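Throughout the sequence shown, residue numbering follows numbering that gives the first Met the number 0, covering 0 to 429 in sequence.
In this text, a Cβ means the ideal position worked out from N, Cα and C, and glycines have one as well.
A quick note: this is a predicted structure, and the numbers were derived from the prediction, not measured.
What follows is a single structure, written as structure tokens, with notes after it.
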Amino acid sequence: MNTDQSVSSFLPKSWYNVIPELDFEIPKPLHPVEDRPATVEEFNWLWSSEALRIEFLQGEYASNPWIDIPQPILEAYSQYRPTQLYRAHALEKYTGTKAEIYLKREDQNPAGSHKLNTALPQAFYAKNDEGVSTLVTDTGAGQWGSALSMASSRFDLATKIFMTRKSYDDKPYRRYMMRMTGAEVYPSPSTLTQIGRDLLKEDPNQPGSLGIGMSEAIELVRSSPDHRLALGCMSYYAVLHQTVIGIETKMQLEALSRRPTHLVGCVGGGSNFAGFIGPFVKEKVTGSKMKFVACEPDNIATLSSGDYRYDWADYGKFTPRISMYTLGHDFQPPKIHSGGLRYHGKTPVLSALVKNKIVETQTVSQPRVFEAGQILLKTEGILPAPESAHAIRVALDIASNANAGDVIVVCLSGNGYLDLKGYADELSLE
Ligand SMILES: Cc1ncc(COP(=O)(O)O)c(C=O)c1O
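Now the structure itself:
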């Protein structure tokens, strides 16, 4: 355990469970095909028991807004948390803004992004379940896969990862990181599963998507009693664990006597952003003028132009149907370099916050995203992941029209050192 009191005083000891605090209901998950609610018993082969309790809001998760973080997770968190809340003076100067801009530095986490915040508890809880040996998942750019593999090796579990084929080919270094920490990594769609084989038969160059990878992971878990599914973005458990980001941000801003006017983040499945804003939601609902801005690619604009309805979280329709903004479970995302945003849906709690007009959305074109990443590198010496650069782009746009006294806080969800091929392609670097 980190014994430095000045550091650990900002380390959250609990996660924030926002759902019991909302004055509207999040519609319950439905059975994958039958017209009735899904039940816990139908999915206990799929998730670890604690993940299932969180997903179905059972026990303390039904009503308790504060959930104690177990000691082994606190010990793991204390190796890299609290993350820095960084004032981006040079970026402010570059834009000529009247606002203050802060970056919440999840990019400095050991695995490269916020994903470790949920990978650690997911691995810890799975290890506590009798007979579980392996966690299985899908990953886009590989940030989630690297984090899960790292967390699994800490808690002595095996990991199997379906990595979308586009990223598997473009981002070999994340694949090497996963392999170094012990994971088996398959390009998705793969020949390992029926759904993968069917898709490859239709199109041998199928680039994959997070929804397809998730179906392959579920198919493998279904035939392997000692395997369980881990999810880095869509689940409510991922959102819950990511609230360490928002809790710390709140404490750090309070220590600086600042109140945020804008909280800005990128959304793939929605976990980093929902975890970032979660602890501020109550304030907003009770009248604060603070703005929550969710940023997404203009060609995967789920929150901005998708439908709000029940849909499956995966391509193959294996998951419960959940209520969310969606482009359709069979949507084929374009081959953008932000692999972590190539997903058709958004987690139900974030979708409901958008539906209830608590969160607003912005879309960004890819050239403007990469330009923003380059600006951050030139001004602050920070290379954001392409996913996170969506939020930087929008923050720059907000900053250019901001008022004196505005405080713009960006969740910098990950670093882009292993995404340089994407930067090179988009910025035409030799
Ligand atoms: C760096 C980074 N940011 C954001 C995301 C999007 O995921 P989420 O919306 O669940 O935070 C990903 C997903 O892989 C990612 O790797």
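- Scanning Gln121, Ile357 and Ala216 for the CA closest to the CA of Val135 turns up Ala216.
- For Gln361, there is no enclosing alpha helix (DSSP H); the residue is part of the beta strand (DSSP E) that begins and ends at Glu359 to Val363.
- DSSP, reduced to helix, strand and coil, places Ser322 within a strand of the structure shown.
- For Asp405, the secondary structure class from DSSP, reduced to helix, strand or coil, is coil.
- At least one heavy atom of ligand 1 lies closer than 7 Å to the C-beta of Val266.
- With the rule of 3 Cβ pairs closer than 8 Å, the stretch 32-42 does not count as touching the stretch 328-337.
- At a Cβ-Cβ threshold of 8 Å, Gly268 and Tyr342 count as neighbours.
- The beta carbons of Ile72 and Leu119 sit about 6 Å from each other, so the pair counts as a contact at 8 Å.
- Taking a contact as a CB-CB distance under 8 Å, the pair Ile244 and Cys410 counts as one, their CB atoms being some 6 Å apart.
- Look at Asp202 here: in three-state DSSP terms it is coil, with no helix or strand label.
- Taking 8 Å as the cut-off, the beta carbon of Cys294 is found closer than this to the beta carbon of His389.
- Listed as beta-bridge partners of Trp14 by DSSP are Ile66.
- In chain order, Pro296, Ile335 and Glu425 place their CB closer than 7 Å to the CB of Gln365, counting only its own chain and leaving out the 5 sequence neighbours on each side.
- For Glu91, same chain residues with a beta-carbon under 8 Å away, outside a window of 5 residues either side, are Ala98, Glu99, Ile100 and Ala398 in chain order.
- Shown here for Lys114: same chain residues with a beta carbon closer than 6 Å to its own, the five before and five after excluded, namely Gln142, Trp143, Ala146 and Gly231 in chain order.
- Shortest gap from the CB of Cys294 to any heavy atom of ligand 1: 7 Å or more.
- In the DSSP assignment, Val280 falls outside any beta strand (DSSP E) and within the unbroken alpha helix (DSSP H) covering Val280 to Val284.
- In this structure, Glu359 and Val292 form a Cβ contact; the two beta carbons are roughly 6 Å apart against a cut-off of 8 Å.
- Contact check for Ser151 against Gly413 fails: the beta carbons are separated by 8 Å or more.
- Taken atom to atom, the span from the alpha-carbon of Pro385 to that of Leu209 is near 16 Å.
- Note that the C-beta distance between Glu183 and Lys159 is below 8 Å.
- Residue nearest to Trp14 within the set Leu45, Glu59 and Tyr307 is Glu59 (criterion: CA-CA distance).
- Here Leu349 has Gly269 and Ala273 as same chain residues with Cβ atoms under 6 Å from its own Cβ, once five neighbours each way along the sequence are excluded.
- Following the DSSP letters along the chain, one finds Lys354 in no beta strand (DSSP E) but inside the alpha helix (DSSP H) bounded by residues Pro347 to Lys354.
- Between Thr163 and Gly338, the CB-CB gap stays under 8 Å.
- Looking at Leu102, Pro31, Pro347 and Pro81, the one whose alpha-carbon comes closest to that of Asp306 is Pro347.
- In this structure, the C-beta of Asn271 approaches ligand 1 to less than 7 Å from one of its heavy atoms.
- For Ala75, the three-state secondary structure derived from DSSP is helix.
- Remark: three or more beta-carbon pairs, one from each stretch, lie closer than 8 Å, so the stretch 242-257 and the stretch 71-85 are flagged as touching.
- Here the alpha carbon of Glu218 sits roughly 16 Å from the alpha carbon of Leu199.
- Taken through DSSP and simplified to helix, strand or coil, Asn43 comes out as coil.
- With 16 or more other Cβ atoms from the protein chains shown falling within 10 Å of its own Cβ, Tyr124 counts as buried.
- Pro224 is not bridged by DSSP to any residue.
- Between the stretch 367-383 and the stretch 310-322 there are fewer than three inter-stretch CB-CB distances shorter than 8 Å, so the stretches are not counted as touching.
- Leaving aside the five residues that flank Leu302 on each side, the residues in its chain whose CB is nearer than 7 Å to its CB run, in chain order, Val266, Ala293, Glu295, Tyr324, Lys345, Val353 and Thr360.
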